[in-house]
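Line by line, the protein sequences are chains B and L. Residues in the first sequence are numbered consecutively from 1, following this note's numbering. Residues in the second sequence are numbered consecutively from 1001, following this note's numbering. Ideal Cβ placement from N, Cα and C applies to all residues, glycine included. On a predicted model such as this, the values are computed, not experimentally measured, just so you know. Notes for the one structure printed next.
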Amino acid sequence: MTILAYVDPGMGALVWQTVVAAFVGFVFYLKETRRWIVNMFLKIFRRGQKPQDAGLKIPPAEKVEAETDVR
Amino acid sequence: MSLPAPSFRDPAGCCCVFDGRVLRFVTAEALPEFENFLQTDCARKFTAAKKLVPSRKLNETEIAKLRGTPGLKTIFAAQKTVAVFEHERISFQNFPHEWPPEMLWAAGKLTLELAQAALTDGFCLKDATPNNVLFCGGGPVFIDALSFERRNPHDPLWMAHAQFVRTFLLPLLANRRWNLQPAEIFTTRRDGIEPEEIYRFCGALEKFSPRTLSLVSIPTWLSRKTNPDNEKIYQPHLLADAKKARFILESLFKRVERQLDSLKPPAKKKSGWSGYMETHSYGDPAFAAKEKFVREALQEFKPARVLDAGANTGHFSALAAQSGAEVVAVDLDAACAGAIWNRARKEKLNILPLAVNLARPSPALGWRNNEQASFLDRAAGSFDGVLMLALIHHLLVTERIPLEEILRLAYQLTNQLLVIEFIEPQDAMFRRLTRGREGLHASLDAAAFERACAPHFEIVRSLALPGTQRRMYCLSKRKGGAG
């Protein structure tokens, strides 16, 4: 792919963007881990009983699908 | 016919105005991406909302005709053009150095909205500058459809982020903090203001305020500590996880949006002229007579395009817009232009407010003074009607412009109608401006004013405003007058 961007990306600004990106990337993994744990619990409860009976909220199916969609 | 001056910065193509048409020449390398972008939901949605300029691809016959045109041959050769698109023309070109901060903010908002929407379709905005935006019909329109490129799904960075900061966020920050106007930045700087420049203005405590810290101080400190020869900084930092890259980019856009929202200019800004409508020297009957006079002139001549010169907060611009005209309202005070912008948005009026001083109008700018035309080059002959209300004494006294020169300029600006308010030297405001130099204007009276008008205009009617030393004139441009 040819990158035709031709603007000055700045130096300090680009380094700062990279640093923040690394931090946000870490947040992304925290969120993913949290979602993985929640899903795991949901699976366990689904095997045994209805999650509603166990007081767990299931994210709507559409939302789960959208969140896991990888472009 | 003068030769067109094409844009030249983007390697993907160029744009020029030729014979009244806006043509975009696209290279073979960029064409597939450009056409793909025009097919996206984002492009369709924004075009339908009149926020992205419509593009029409010319067919082979039309291109062959253009290839034969002497002025365009060099562009075809230099650009290795394979396709030409025609964009809808914006009626009155306007530039960031003429916008009040409110319009710069609106242009930034649109740029960011487009960048976010394009992300959903797998595209990225490769440059984020206010020069990509023009204002038309009371709203911002993104005009550089070639600014979008297919995004690498693994890339978490936005290369145009620093440019967005330089050209939108920092000028707005400087305006909020030091009342620095866009004209003071963009007249001398094409690419906005660097964080290092703002950093020098900041006091010790201010450097640590949350807004300044992330936009100004940290980038400045990092650029001092970073080796400028380290090329690794500018190489793509691709991530294995495309989902993570997108998450990071979306989070960046949200953060920039929050920063932009926090820099929105306040709704009511005060300046030396913004309170004029509350403090002017007219009594109610005089102001009502003036308003009636202007309204009748607009009804009689029905100008399609009106220039309100010295518009203040746009009372008469609104009157012209309500009569169906497309209005360009200029005032030297950016706070007044901002107030007009807010009012026009609120009342959905077709007014383009610009912070332009008629005595020092914006010059031609850019490479060889050929990238952004001067205000007068754009304005001359572009209006069917010109309003010069409560303006003439400022030009005569404060700016020391001779009366004949003022009328010559009005003659060049209008194609037909001129509504002008003559102010006698005995008027209280006139006397306030002369500050003891009354002798300079001793010979000025209504008869002298009418004699000065005679070579350029015919007097349709005039009216003395009751209880004032002012007289309204409705003038019609003489065909073949002494321009």
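Could you give the residue range of the beta strand (DSSP E) that holds L/Pro-1346?
If you number the second sequence from 1, residue 1346 of chain L lands on position 346. Checking the sequence, you will find Lys at residue 1346 of chain L rather than Pro. Taken as a continuous stretch (DSSP letters only), L/Lys-1346 belongs to no beta strand (DSSP E), being part of the alpha helix (DSSP H) at 1334-1347.
Relative to the C-alpha of L/Cys-1042, which residue among L/Ala-1145, L/Arg-1009, L/Val-1084, L/Phe-1383 is closest?
Your numbering for residue 1042 of chain L matches position 42 in the second sequence. When only C-alpha atoms are compared, the closest one is L/Ala-1145.
Using a Cβ-Cβ cut-off of less than 7 Å, give me the residues of the region 1143-1177 of chain L that come near chain B, in sequence order.
Here the close residues are Glu-1149, Arg-1150, Asn-1152, Pro-1153, Pro-1156, Leu-1157, Met-1159, Ala-1160, His-1161, Ala-1162, Gln-1163, Val-1165.
So who's on the other strand from L/His-1087, going by DSSP bridges?
Locating residue 1087 of chain L in the second sequence gives position 87, counting from the first residue. DSSP, once it has assigned bridges, lists L/Val-1022, L/Ser-1055 as partnering L/His-1087.
Identify which residue in L/Ala-1364, L/Ala-1183, L/His-1237, L/Gly-1137 has its Cα closest to the Cα of L/Leu-1104.
The residue given as residue 1104 of chain L occupies position 104 in the second sequence. Ranking the options by Cα distance to L/Leu-1104, first place goes to L/Ala-1183.
Can you tell me which of the three DSSP states L/Glu-1415 falls into?
Here residue 1415 of chain L is taken as the residue at index 415 of the second sequence, counted from 1. Sequence inspection shows Asn at residue 1415 of chain L; the Glu mentioned does not correspond to that position. It is a strand residue.
At 7 Å on the CB atoms, spell out the chain L contacts of B/Trp-16, in chain order.
For this step, residue 16 of chain B is matched to residue 16 along the first sequence. Simply Ile-1218, Pro-1219, Leu-1222.
Chain L partners of B/Val-38, CB-CB under 7 Å?
To locate residue 38 of chain B, count along the first sequence from 1; it is residue 38. Neighbours of B/Val-38 on chain L: none; closest Cβ ~17 Å, over 7 Å.
Are any of the Cβ atoms in chain B nearer than 7 Å to that of L/Thr-1212?
As a position in the second sequence, residue 1212 of chain L is number 212, starting the count at 1. Taking Cβ atoms only, chain B never reaches closer than 7 Å to L/Thr-1212, which makes this a no.
Starting from L/Ile-1218, follow the alpha helix (DSSP H) in both directions and report where the run begins and ends.
Position 218 of the second sequence, counting from 1, holds the residue named residue 1218 of chain L. It spans 1218-1225 - the alpha helix (DSSP H) in which L/Ile-1218 sits, taken as one unbroken run.
I believe B/Ala-13 touches L/Pro-1219 by the beta-carbon criterion, under 8 Å. Please report the beta-carbon distance rounded to the nearest angstrom.
Taking the first sequence and counting its residues from 1, the one referred to as residue 13 of chain B is at position 13. Taking the second sequence and counting its residues from 1, the one referred to as residue 1219 of chain L is at position 219. At roughly 4 Å, the Cβ-Cβ gap stays under 8 Å, so B/Ala-13 and L/Pro-1219 are in contact.
Rounded to the nearest angstrom, what separates L/Arg-1305 and L/Leu-1387 at their Cα positions?
Mapped onto the second sequence, residue 1305 of chain L falls at position 305. Mapped onto the second sequence, residue 1387 of chain L falls at position 387. Rounded to the nearest angstrom, the two C-alpha atoms are 11 Å apart.
Does the beta carbon of L/Thr-1226 come closer than 7 Å to any beta carbon on chain B?
On the second sequence, position 226 is the one that residue 1226 of chain L refers to. L/Thr-1226 counts as touching chain B.
Establish whether the CB of B/Phe-28 and some CB of chain L are separated by less than 7 Å.
In the first sequence, residue 28 of chain B corresponds to position 28, counting from 1. For B/Phe-28, the answer is yes, since a Cβ of chain L falls inside 7 Å of its Cβ.
Between L/Ile-1193 and the rest of its own chain, which residues show a CB-CB distance below 7 Å, the 5 nearest in sequence each way excluded?
Along the second sequence, read from residue 1 onward, the residue named residue 1193 of chain L stands at position 193. Answer for L/Ile-1193: Arg-1166, Leu-1170, Pro-1171, Ala-1174, Ile-1185, listed in chain order.
Count the other CB atoms within 10 Å of the CB of L/Asn-1227; is the residue buried (16 or more) or exposed (fewer)?
Position 227 of the second sequence, counting from 1, holds the residue named residue 1227 of chain L. So L/Asn-1227 counts as exposed.
Kindly list the residues whose CB is nearer than 6 Å to the CB of L/Pro-1285, restricted to its own chain and excluding five residues on each side of it in sequence; keep chain order.
Walking along the second sequence from the start, residue 1285 of chain L turns up at place 285. So the list reads Pro-1466, once near-sequence residues are dropped.
Return the chain-ordered list of same chain residues with a C-beta closer than 7 Å to the C-beta of L/Ala-1309, the five sequence neighbours on each side being excluded.
Against the second sequence, residue 1309 of chain L aligns to sequence position 309. Closer than 7 Å at the Cβ level, and outside the excluded window around L/Ala-1309, lie Val-1330, Leu-1358, Val-1386, Leu-1387, Met-1388, Leu-1391.
Take the Cβ of L/Trp-1341 as the centre, count every other Cβ of all protein chains shown within 10 Å, and call the residue buried at 16 or more, exposed below.
For this step, residue 1341 of chain L is matched to residue 341 along the second sequence. Buried, because 16 or more other Cβ atoms sit within 10 Å of the Cβ of L/Trp-1341.
I'd like to confirm the pairing. Which residues does DSSP put opposite L/Leu-1307 in its beta bridges?
Taking the second sequence and counting its residues from 1, one reaches residue 1307 of chain L at position 307. L/Leu-1307 pairs with L/Val-1328, L/Val-1386.
Based on Cα-Cα distance, which residue from L/Lys-1073, L/Ser-1317, L/Ala-1012 lies nearest to L/Glu-1149?
Translated into the one-based positions of the second sequence, residue 1149 of chain L becomes position 149. Here the closest residue by C-alpha is L/Ala-1012.
If we ignore side chains and look at the alpha-carbon of each, how far apart do B/Val-27 and L/Gln-1163 end up?
Residue numbering aside, residue 27 of chain B sits at position 27 when the first sequence is read from its first letter. Residue numbering aside, residue 1163 of chain L sits at position 163 when the second sequence is read from its first letter. Each residue's Cα considered, the two are about 26 Å apart.
Determine which residues of the region 1242-1255 of chain L have a Cβ less than 9 Å from any Cβ of chain B, and write them out in chain order.
Against chain B - using a Cβ distance shorter than 9 Å - the residues of the region 1242-1255 of chain L are Ala-1242, Lys-1243, Lys-1244, Ala-1245, Arg-1246, Phe-1247, Ile-1248, Leu-1249, Ser-1251, Leu-1252, Arg-1255.
Measuring only the C-alpha atoms, how far is L/Arg-1408 from L/Ile-1401?
As a first step, residue 1408 of chain L is located in the second sequence; it is residue number 408 there, counting from the start. As a first step, residue 1401 of chain L is located in the second sequence; it is residue number 401 there, counting from the start. Spanning the two alpha carbons is a distance of roughly 11 Å.
Can you give me the Cβ contacts of B/Val-64 inside the same chain, cut-off strictly under 7 Å, excluding the 5 residues immediately before and after it?
Translated into positions along the first sequence, residue 64 of chain B becomes position 64. Note that B/Val-64 has pLDDT 44, beneath the 50 cutoff, so the model's placement of it is unreliable and no number is given.
Show which residues of chain B have a CB atom less than 8 Å away from the CB atom of L/Arg-1009.
Taking the first residue of the second sequence as 1, we reach residue 1009 of chain L at position 9. In chain order: Tyr-6.
Can you list, in chain order, the residues of its chain whose CB lies under 6 Å from that of L/Ala-1115, leaving out five sequence neighbours each side?
Translated into positions along the second sequence, residue 1115 of chain L becomes position 115. Excluding positions up to five away in sequence, the list reads Leu-1125.
Just the Cα atoms here: how many angstroms apart are L/Ala-1337 and L/Leu-1134?
Taking the second sequence and counting its residues from 1, one reaches residue 1337 of chain L at position 337. Taking the second sequence and counting its residues from 1, one reaches residue 1134 of chain L at position 134. Using only the alpha carbons, I get a separation of about 16 Å.
Pick out whichever of L/Arg-1435, L/Val-1294, L/Ser-1262 has its Cα sitting closest to the Cα of L/Met-1472.
Taking the first residue of the second sequence as 1, we reach residue 1472 of chain L at position 472. Looking at the Cα atoms, L/Val-1294 is the closest of the given residues.
I'd like the list of long-range same chain contacts for B/Ile-3, defined as Cβ closer than 6 Å, with 5 residues on each side in sequence excluded.
Mapped onto the first sequence, residue 3 of chain B falls at position 3. Residue placement at B/Ile-3 cannot be trusted, given a pLDDT of 48 that sits under 50; the coordinates are not used to answer.
At a Cβ threshold of 7 Å, is L/Asp-1127 touching chain B?
The sequence position of residue 1127 of chain L within the second sequence is 127, counting from 1. Interface residue, yes.
Comparing C-alpha positions only, which one of L/Trp-1178, L/Arg-1211, L/Ser-1382, L/Gly-1436 sits nearest to L/Phe-1201?
On the second sequence, residue 1201 of chain L is found 201 positions in, with the first residue counted as 1. Nearest of L/Trp-1178, L/Arg-1211, L/Ser-1382, L/Gly-1436 to L/Phe-1201, Cα basis: L/Trp-1178.
Using only alpha-carbon positions, find the residue among L/Phe-1123, L/Asp-1127, L/Glu-1029, L/His-1237 that is nearest to B/Asp-8.
Position 8 of the first sequence, counted from the start, is the residue given in the question as residue 8 of chain B. The candidate whose alpha carbon is nearest that of B/Asp-8 is L/Asp-1127.
How many Å lie between L/Leu-1111 and L/Pro-1265 at the Cα?
Mapped onto the second sequence, residue 1111 of chain L falls at position 111. Mapped onto the second sequence, residue 1265 of chain L falls at position 265. For clarity, residue 1111 of chain L is Thr in the given sequence; the question names Leu instead. One C-alpha to the other measures close to 17 Å.
How many angstroms separate the CA atom of L/Ala-1106 from the CA atom of L/Pro-1140?
Counted from its first residue, the second sequence places residue 1106 of chain L at position 106. Counted from its first residue, the second sequence places residue 1140 of chain L at position 140. Distance between the alpha carbons of L/Ala-1106 and L/Pro-1140 is about 7 Å.
Report the three-state DSSP secondary structure of L/Glu-1102 (helix, strand or coil).
Here residue 1102 of chain L is taken as the residue at index 102 of the second sequence, counted from 1. In the structure shown, L/Glu-1102 sits in a helix (DSSP, three-state: H, G or I).
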